[in-house]
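Before any comments, here is the structure.
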Amino acid sequence: MILSVSVVTGFAGFAGSACSPSAVRSTSTAASGPPTHTGDQARQDVQAIIDKLSAAADSTYTAEYALLDGNAVTVSQAPPRHAYRGLGVTYLLSPDESTVCTGDPVKCDSAPGSDSVSPASSKAITTAFGGRFATPEDVAARLTGVVSQPASRTGRGSRVIGGGTVDCVAVTASGVSPQTACVTPSGVLAYFAAGSVRVELHALRATVPAGAF
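Just add 10 to the spot in the sequence shown (first one is 1) and you have this note's numbering.
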């Protein structure tokens, strides 16, 4: 299944374009499209996306992502094993150890492993890719951080991407960069944009190739 995701720029762009009635199915009948939510409703909007991301944590799949600079990262996941490849970086995570390989000639360094992508592992993965890639766990933490700020607000809706419907939320707060995240029905991250970071799903398979780990 090949997915293509159109670029969403900022909260206003998401709320005004990606969440427009022509692009989003919403329970709201207002001509202006889905409402902007604040307070508890905003937190619920974000939590709904985080719950979907969490549901895919135990799934097996291969996802190919395009980044803002045109580079690509391939994620292979068959819990408790995870692999991230791209930008001249390979990051392997298993319960026994985590290994990151970079450079030319290639140099690999190992560290303690983890049964899942913990906050520490997620940070290490993001760092290995120079801050240009975001894991689902990183996305969940970022969304939570923004919606926890005073005067945070969200826009929520569903989009048709590559023939399938994905669930999206845009969240912003005073003095905080707007962030947009979309997930597939199975909970796989489909899109994330925040400042200079953009992760866009291009292909998704429910299998992992031999030798991925």
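C-beta: ideal position from N, C-alpha, C; glycine also.
What three-state label does DSSP hand residue i in the structure shown?
i	result
ARG132	Per the sequence shown, residue 132 should be read as Ser rather than Arg. Reduced to three states, the DSSP call for SER132 is helix.
ARG215	strand
GLN87	strand
SER168	strand
ALA65	helix
THR46	coil
PRO160	coil
THR182	strand
THR37	For THR37, the predicted structure reports a pLDDT of 36, less than 50, and the residue's modelled location is therefore unreliable. A value from the coordinates is still provided. If DSSP states are grouped into helix, strand and coil, THR37 belongs with coil.
Please check the pair residue i and residue j, which I expect to be a contact at CB under 8 Å, by giving their CB distance rounded to whole angstroms.
i	j	result
PRO146	ALA203	Wrong, their Cβ atoms sit about 14 Å apart, outside the cutoff.
SER289	SER108	Summary: the structure shown does not reach residue 289, with the chain confined to residues 11 through 223, and so no result is reported for it.
VAL193	VAL207	Contact flag wrong, Cβ pair sits at about 17 Å.
ARG95	THR84	5 Å
ARG152	THR48	So it is not a contact: roughly 19 Å between Cβ atoms.
ALA52	VAL157	6 Å
In the DSSP assignment, what residue or residues form a beta bridge with residue i?
i	result
ALA73	VAL85 and LEU214
ASP177	SER168 and VAL193
VAL209	LEU77 and PHE202
Enumerate in chain order the residues of its own chain whose CB-to-CB distance from residue i is below 7 Å, with the five nearest sequence positions on each side excluded.
i	result
SER187	ALA204 and GLY205
LYS62	ASP177, VAL193 and GLY197
GLU210	VAL15, TYR75, ALA76 and TYR201
VAL149	LEU63, ALA191, LEU199 and PHE202
ILE59	LEU153, ASP177, VAL179, ALA191 and VAL193
ILE135	TYR94, TYR101 and THR145
SER32	With a pLDDT of only 31 at SER32, under the threshold of 50, the placement of this residue in the model should not be trusted, and no figure is reported.
In chain order, what residues of the same chain have a beta carbon less than 6 Å from the beta carbon of residue i, not counting five sequence neighbours either side?
i	result
ARG91	SER104 and PHE223
SER126	none
THR72	SER86, ARG215 and VAL218
ALA41	Confidence in ALA41 is poor, its pLDDT being 35 and thus under 50, which makes the residue's placement too unreliable to answer from.
Less than 8 Å between C-beta atoms, sequence neighbours within five positions excluded: which residues of the same chain meet that for residue i?
i	result
ASN81	GLY96, LEU97 and ARG142
LYS133	ASP148
GLY123	LEU103, SER104, PRO105, ASP106, GLU107 and SER108
Fill in: Unbroken stretches of the beta strand (DSSP E), 3 residues or longer, contained in the region 91 to 121
91 to 96, 99 to 103 and 107 to 112
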